[in-house]
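Worksheet for the structure shown next.
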Amino acid sequence: MAPAPIRGTWTKIAGSDRLKRSSQNLAVVGQQVYIYGGEVTARVPVDGALELINFNGSTVTTSTLSNVSPAPTPRVGGATAVLDGVLYLFSGRGGLAMTPIEENGGIWKYTSSTGWEFILPKHPSASFPLGRSYHAATASRAEGLIYIHAGCPESGRLADLWSYNPKENVWIKLPDAPGASRGGSSICCFEEFQSKTINVARMNGYSGTEEIGGIIDIYSPRNHSWERVVFDPNGIEGPGPRSVGTLLTVRVEGKQYLFTMFGEGRPSPLGHAGAGRMWDDAWIFDIEEKSWQKVEWETIGPAPRGWFAADVIEIEGKDVVVLHGGLGEDNERLGDVWLLEFN
1 MAPAPIRGTW TKIAGSDRLK RSSQNLAVVG QQVYIYGGEV TARVPVDGAL ELINFNGSTV
61 TTSTLSNVSP APTPRVGGAT AVLDGVLYLF SGRGGLAMTP IEENGGIWKY TSSTGWEFIL
121 PKHPSASFPL GRSYHAATAS RAEGLIYIHA GCPESGRLAD LWSYNPKENV WIKLPDAPGA
181 SRGGSSICCF EEFQSKTINV ARMNGYSGTE EIGGIIDIYS PRNHSWERVV FDPNGIEGPG
241 PRSVGTLLTV RVEGKQYLFT MFGEGRPSPL GHAGAGRMWD DAWIFDIEEK SWQKVEWETI
301 GPAPRGWFAA DVIEIEGKDV VVLHGGLGED NERLGDVWLL EFN
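As numbered in full-length UniProt numbering, residues 1 to 343 make up the sequence shown, in order.
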């Protein structure tokens with residue numbers, strides 16, 4: 001029996017020149033959405049101020065928070081994750097040479113009450129992840145861990161996976177992911193339906209020669225190993241190959257799914273200075289059945305894009321995807337903010 005169709009309704013909630021950017025980060029803390037970093041002009045980071053979108057019932061407001069020292073240097077292609085109400089930021093690319101920001105394993109943490117704080121690892125001689133850009137991050141509340149994966153160091157691309165324990169302030173290197181090293185990949189944590197343990201899912205990315213698709217790689221912290229779910233990325237059985245998209249965990253009518261949308265399907269001949277072919281679709285992955293279903297739009301939504309930022313916010317007890325900005329196919333940075341509700 002075919003599953004019931006999953007439909008999505010888009011609502012635009014904000015948009016401004018100030019919010020225009022790509023290669024930025026977006027993180028949800030309670031009913032607040034924080035936007036950090038990115039670029040309007042290729043390889044020129046915007047200032048380091050945090051943009052805040054605040055949800056108060058049916059009222060949505062936007063503001064720019066004062067950038068009080070200490071604060072991270074402006075950067076693009078960083079990675080953020082939220083754990084226990086704290087926003088964490090790791091690395092990115094910046095400076096005059098637009099090279100990976102090497103902070104010796106240090107991580108930035110932000111709360112609305114204390115502002116930014118920079119934390120160096122507990123053991124300076126212990127291994128830590130290299131500075132990088134266009135990597136991926138996610139958090140596991142059940143484990144109390146943040147995961148960092150892949151990205152672009154000074155040269156080449158990475159396939160590594162690291163966990164960071166904020167309470168212990170230590171990094172642990174985990175087994176590398178299978179397949180090609182990549183930038184622009186996406187990861188998220190989800191609960192395995194049989195064991196009820198937390199796993200990390202990884203999808204997509206750019207290898208340096210092509211966009212990657214057709215595979216979900218799943219890391220089991222319990223088994224310290226990876227397994228692969230293979231599908232046909234033909235746009236019928238599953239989403240086409242892409243990078244600089246998103247991968248999120250959402251609950252629809254109480255059931256947990258993986259969710260991916262948009263992204264770049266073919267790189268620009270200008271590289272980072274140009275826009276490639278962008279996807280305009282969204283897909284839901286049934287973790288138990290290991291099958292994809294394309295989300296059907298019930299309203300007109302955002303234009304095709306990649307290099308955007310997205311997260312999940314809970315509104316009236318339901319998981320809602322919030323999407324911001326990115327790079328359109330016309331090579332223009334976008335400053336719109338949308339909500340996607342599942343029906």
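Built from N, CA and C at the ideal position, the CB exists for glycine as well.
Have a look at residue i and residue j and give me their C-alpha separation to the nearest angstrom.
i      : j      : result
Leu26  : Tyr36  : 6 Å
Thr299 : Gln32  : 25 Å
Ile172 : Tyr164 : 7 Å
Thr138 : Ser22  : 19 Å
Asp17  : Val320 : 24 Å
Ile315 : Ser125 : 44 Å
Arg43  : Ala177 : 28 Å
Phe118 : Ile101 : 14 Å
Thr114 : Glu289 : 44 Å
Phe262 : Asn204 : 12 Å
Cys188 : Ala14  : 26 Å
Val40  : Ser112 : 26 Å
Gly240 : Pro233 : 4 Å
Gly306 : Leu327 : 5 Å
Thr249 : Val312 : 8 Å
Ala79  : Ile6   : 29 Å
Gly317 : Asn54  : 17 Å
Pro74  : Phe128 : 22 Å
Arg277 : Glu168 : 43 Å
Val322 : Asn331 : 22 Å
Gly208 : Pro153 : 13 Å
Is the separation between the beta-carbon of residue i and that of residue j shorter than 8 Å?
i           : j      : result
Asn67       : Gly48  : yes
Val244      : Glu264 : yes
Trp279      : Arg242 : yes
Phe190      : Leu130 : no
Tyr34       : Leu52  : yes
Val170      : Lys122 : yes
His324      : Ala303 : no
Leu161      : Pro175 : yes
Thr297      : Gly8   : One point to set straight first is that residue 297 is Trp, not Thr, in the sequence displayed. Against a cut-off of 8 Å, the Cβ pair of Gly8 and Trp297 comes out as a contact.
residue 360 : Ser133 : Because the chain in this structure spans residues 1 to 343, residue 360 falls outside the shown range and cannot be described.
Arg266      : Glu211 : yes
Val295      : Ala282 : yes
Gly179      : Ala150 : no
Pro72       : Leu89  : yes
Ile216      : Ala201 : yes
Taking the continuous beta strand (DSSP E) assigned at residue i, which residues delimit it?
i      : result
Tyr206 : Segment: none, Tyr206 is in no beta strand (DSSP E) and carries neither H nor E.
Asp319 : Lys318 to Leu327
Phe342 : Arg333 to Phe342
Ser186 : Ser186 to Glu191
Arg7   : Arg7 to Gly15
Trp307 : From DSSP, Trp307 is part of no beta strand (DSSP E); its letter is neither H nor E.
Val28  : Asn25 to Val29
His149 : Leu145 to Gly151
Gln293 : Ser291 to Lys294
Gly38  : Counting along the chain, Gly38 falls outside any beta strand (DSSP E), and DSSP gives it neither H nor E.
Lys109 : Ile107 to Thr111
Gln256 : Lys255 to Met261
Is residue i a contact residue of the ligand PLP, with contact defined as CB to any heavy atom under 7 Å?
i     : result
Val76 : Questions concerning the ligand PLP fall outside what the structure shown contains, since it holds no ligand whatsoever.
Using beta carbons (cut-off 8 Å, strictly below), is residue i in contact with chain D?
i     : result
Pro70 : Absent from the structure is chain D; it holds one protein chain and no more.
Exposed or buried, what is residue i when buried is set at 16 or more other beta-carbons lying within 10 Å of its beta-carbon?
i      : result
Ser185 : buried
Ile236 : exposed
Val230 : exposed
Leu247 : buried
Thr11  : exposed
Arg141 : exposed
Gln194 : exposed
Asn199 : buried
Ser91  : buried
Thr260 : buried
Gly156 : exposed
Leu120 : exposed
Ala136 : buried
Gly105 : buried
Ala4   : exposed
Ser181 : buried
Gly238 : buried
Gly30  : exposed
request  = Inspect the CB distances between the stretch 247-257 and the stretch 217-233 and report whether three or more fall short of 8 Å.
outcome  = no
query = Counting Cβ pairs closer than 8 Å, one from the stretch 78-88 and one from the stretch 137-157, do we hit at least three?
reply = yes
query = Are the stretch 91-107 and the stretch 54-67 touching, with three or more C-beta to C-beta distances below 8 Å?
reply = No, they do not touch.
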